[in-house]
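Taking my numbering, the leading residue of the sequence shown gets 3, the next gets one more, and so forth.
Beta carbons are placed, not taken as given, at the ideal position from N, Cα and C, and that holds for glycine.
These figures come from a predicted structure and were not determined experimentally.
To keep things clear, I will list the structure first and then write my remarks on it.
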Amino acid sequence: MASSLTILTLILLQAGGGPLEDGQRAFREKDWARAERAFLQAAQADPNKPLAHRWLGMTYAAQEKYALAERPFRRACQLSSRDEACYYLGRTLTTLSRFQEAISVYEKAGANKAAEEKWLLGMAVALEGAERFDEAQQRFRQAIAAGSKQAEIDYAKFRRKRSAPRLVAPAIRFEAADLPVTVRTGASGRKYLPETMLAGVAVFDADGDHWPDIFIANGAALPSLRKPDASFHDALLHNNHDGTFSNVTAKAGLQGEGYSMGVAAADYDNDGDADLFVAGVNRSALYRNRGDGTFENITAASGLSESGLWNVSAAWLDFDNDGLLDLFVVRYVQWDSAREPYCGTPEHRQYCHPRFYKPLANALYRNRGDGTFEDVSEASGISGHEGKGMGIAVGDYDNDGRIDVFVANDTLPNFLFQNGGGKFRETATEAGVAFNESGTALSSMGAEMHDVDNDGREDLFITALSNETFPLFRNLPAGFSDSTLAAGIAAASLPWTGWGTAAIDLDDDGWKDLVTANGHVMDNAEAVSGRKSRQPVQVYLNRALNTGQRVWAAAQLPGEALHRGLAYGDFDRDGRQDLVITRLNERARLWWNRYEPNNWIALRLRGVQSNRDGIGALVQVDTAPGSQWKRMVSSNGYGGSSLGPVHFGLGKESRAKNIVIRWPSGIVQSLDNLESGHIYDLTEGVSVAVPEVLR
């Protein structure tokens with residue numbers, strides 16, 4: 003479906019004097035502010051002439067300010083149904099997902115233009131959005147017959163979408179429980195951009211009792227970024243081992259300062275306890291775990307304050323394989339609350355599009371091993387690329403033994419940093435993951451890099467905005483391929499805006515499933531568009547067609563909200579992966595996994611030459627039906643972190659025939675015939691795996 007109006011219009015510039023002529027000149031020069039002023043003046047001087055209203059709408063549309071473009075286009079269309087503004091009104095309404103309104107405009111105003119190719123194509127696109135597919139197909143064919151080359155392109159996409167697998171929604175087996183912490187955005191109506199972009203969540207063992215705890219990044223009062231009361235603190239929730247959680251934030255020393263976004267958990271100092279890096283607006287923080295469930299803020303001494311910069315996500319990784327975890331920090335945009343522009347319509351202020359903000363380069367910090375970090379962003383080649391980063395995924399996409407980094411960029415091409423041994427080369431366009439298959443840079447948000455089709459190569463899954471779909475890039479021998487349509491994900495994800503995500507085996511059948519935490523960027527999206535602000539969590543279960551092709555069948559968890567962060571862990575230690583998801587201005591929610599039990603196995607890695615958590619290690623599990631792979635990482639989705647044992651579903655298999663671990667150090671370790679239903683403690687270089695007795 004076409005997603006936007008084109009800046010180039012089919013309207014010939016009409017001669018005239020005064021503000022109209024000046025506005026047309028400014029439009030050609032892309033001086034939008036001057037063009038807007040001139041066309042407003044022209045419309046006020048002669049309010050009953052459609053031309054100035056049409057040009058004003060075109061000026062807004064050229065800047066993708068579609069909510070503002072609607073009114074002048076509608077006025078011009080009302081003044082003259084023969085005016086081209088009626089066509090542009092229809093396209094604007096389609097862009098705003100108000101498909102039925104767009105169809106009505108085409109039907110009422112387009113009678114005398116019904117044979118024109120652009121009107122036929124506009125109607126076809128609107129009908130497709132309204133899911134009136136038979137009528138859409140007819141209009142596409144008519145537009146092609148009328149000579150539209152664009153219709154040929156759009157119709158080919160339409161046919162591919164229609165031929166994609168459409169699966170019956172699977173039964174959902176989750177039980178909801180609200181957690182004792184509420185995410186506070188601090189929103190005051192001024193629509194400061196950070197208000198809509200928190201809140202990451204981490205699942206990790208904070209106190210060493212082998213039960214996963216939860217950390218939630220919280221907001222603050224804007225624009226000061228001060229914490230006015232305890233309700234704005236970050237939160238640490240202790241797992242009470244009985245299905246409940248206690249807020250131990252104050253005792254742990256993790257109240258935090260500033261406006262938190264995302265979190266990354268890992269044992270950066272190799273002392274056996276998980277530490278936390280919290281990414282935020284204008285400041286970030288590093289908390290060292292003392293070993294008793296309390297934390298020390300060592301940000302200043304470590305060199306990781308990121309003062310004055312807006313960080314969204316981060317990931318721990320050992321990019322140089324020296325046994326020490328380094329830190330990759332994802333930066334978003336240059337932002338100053340004192341310069342926040344007004345966006346939306348006069349009646350409905352909205353959060354501004356990323357184009358209003360300048361990009362930033364990301365950062366890479368090398369762990370010196372003494373509690374401090376060296377900024378190697380420039381030396382490594384990372385800082386040479388500016389973007390608007392949101393999610394991060396780490397893995398080894400080219401299977402060369404070195405960890406690579408994918409950064410999801412908002413409305414700019416994504417980054418894929420290929421590790422060449424400490425030096426990184428940005429290869430996203432070359433690899434085929436910078437854009438979707440149409441060559442469009444999406445509003446990429448969350449990202450996962452895991453092998454979802456069990457072929458030994460790590461794939462990429464990305465969440466994005468409504469109307470963009472959530473791309474799945476399969477990693478094939480010839481490179482990445484956009485498989486969103488073929489996988490059945492395009493139609494199911496089209497209406498939604500996704501943030502946090504995870505690629506995990508929810509039903510323990512041996513195939514990784516997908517989860518997305520959805521919620522519109524705008525908390526008032528209904529005021530100007532046909533999309534909902536509050537949206538559902540989606541589960542995409544990995545299934546096989548009769549042909550053997552792997553597809554993902556989508557279903558929704560009950561309850562809609564402004565969902566954001568997502569992380570996972572086995573909170574009740576029953577062998578099933580549970581979910582924790584944040585909701586803006588609501589209590590965070592835990593989703594207990596209640597799928598019928600299958601067999602499973604999990605490995606708690608302990609590095610010796612490699613980093614203590616074994617982050618970067620690739621684990622292969624072989625059973626009679628086949629093999630599957632998963633890399634030990636702690637970053638996931640959007641500002642999220644899930645630091646737990648490496649978990650594999652085994653289906654009906656009672657044991658793993660063989661397990662192979664390829665450690666970051668280069669050591670390859672193999673174990674045979676491990677019984678299912680256990681978490682095994684596995685130390686690098688030691689041939690014995692010790693099963694933990696589950697309590």
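Assignment of beta-bridge partners to N241 by DSSP yields F247. Leaving aside the five residues that flank L467 on each side, the residues in its chain whose CB is nearer than 6 Å to its CB run, in chain order, S445, T499. Rounded to the nearest whole angstrom, the CA to CA distance from P348 to I603 is 57 Å. With contacts defined as CB atoms closer than 8 Å, P599 and G571 fail to qualify as a contacting pair.
Between the segment 216-223 and the segment 364-381 there are fewer than three C-beta pairs closer than 8 Å, too few to call the two in contact.
Per the Cβ contact rule, the segment 661-677 is in contact with the segment 606-614 (3 or more Cβ pairs under 8 Å).
Per DSSP, R404 lies in no beta strand (DSSP E) segment and is marked neither H nor E.
Here L684 is actually not in contact with A658; their C-beta atoms are around 12 Å apart, not less than 8 Å. Here DSSP, grouped into helix, strand and coil, assigns R93 to helix. Between F419 and I384, the C-beta gap is smaller than 8 Å, which places the two residues in contact. Sixteen is the threshold: when 16 or more other Cβ atoms of the shown chains lie within 10 Å of the Cβ of S382, as they do, the residue is buried.
A residue is called buried when at least 16 other Cβ atoms come within 10 angstroms of its Cβ; I155 does not meet this threshold and is exposed. Taking C-alpha positions only, A493 is separated from G373 by approximately 48 Å. Following the DSSP letters along the chain, one finds Q540 inside the beta strand (DSSP E) bounded by residues 537-546.
DSSP places Y108 in the uninterrupted alpha helix (DSSP H) bounded by 101-111. Rounded to the nearest angstrom, the gap between the Cα atoms of G512 and P693 is 20 Å.
If you look at F206, you'll find it in the beta strand (DSSP E) that goes 203-206. Between L22 and L53, the gap from beta carbon to beta carbon is short of 8 Å.
Rounded to the nearest whole angstrom, the CA to CA distance from A208 to A201 is 19 Å.
Y682 places its beta carbon less than 8 Å from that of L605. In the pairwise beta carbon analysis, the segment 636-652 is classified as touching the segment 303-319: at least three pairs are separated by under 8 Å. When the Cα atoms are used, A691 and Y194 turn out to be separated by approximately 51 Å. Judged by DSSP secondary structure, K120 falls within the alpha helix (DSSP H) whose first and last residues are 119-131. Excluding sequence positions up to five before and after N241, its CB lies within less than 7 Å of the CB of W213, P214, D215, F247, F573, all in the same chain and listed in chain order.
Burial of A505 is indicated by the presence of at least 16 other C-beta atoms within 10 angstroms of its C-beta.
Under the Cβ criterion (8 Å, minimum of three pairs), the segment 301-314 does not count as touching the segment 244-258. Our two residues, P647 and L607, have alpha carbons roughly 7 Å apart in a direct line. Residue ranges of uninterrupted beta strand (DSSP E) with 3 or more members, entirely inside the segment 603-640 and ordered along the chain, are 620-625, 628-633. Nearest neighbour of D453 by Cα position, chosen from A254, R575, Y399, turns out to be Y399. One alpha carbon belongs to A147, the other to G346, and they sit about 39 Å apart. Between N595 and R175, the beta carbon gap of about 7 Å places them in contact (Cβ cut-off 8 Å). Counting only runs of 3+ residues, no beta strand (DSSP E) is found wholly inside the segment 129-160. With the rule of 3 Cβ pairs closer than 8 Å, the segment 122-139 counts as touching the segment 101-112.
Rounded to the nearest angstrom, the gap between the Cα atoms of G25 and N50 is 18 Å.
In summary, L547 is exposed, with fewer than 16 beta-carbon neighbours lying within 10 Å of its beta-carbon over all protein chains present. Within its own chain, the residues whose Cβ lies closer than 8 Å to the Cβ of R141, once the five positions on either side in sequence are excluded, are L122, L123, M125, A126, L129, listed in chain order.
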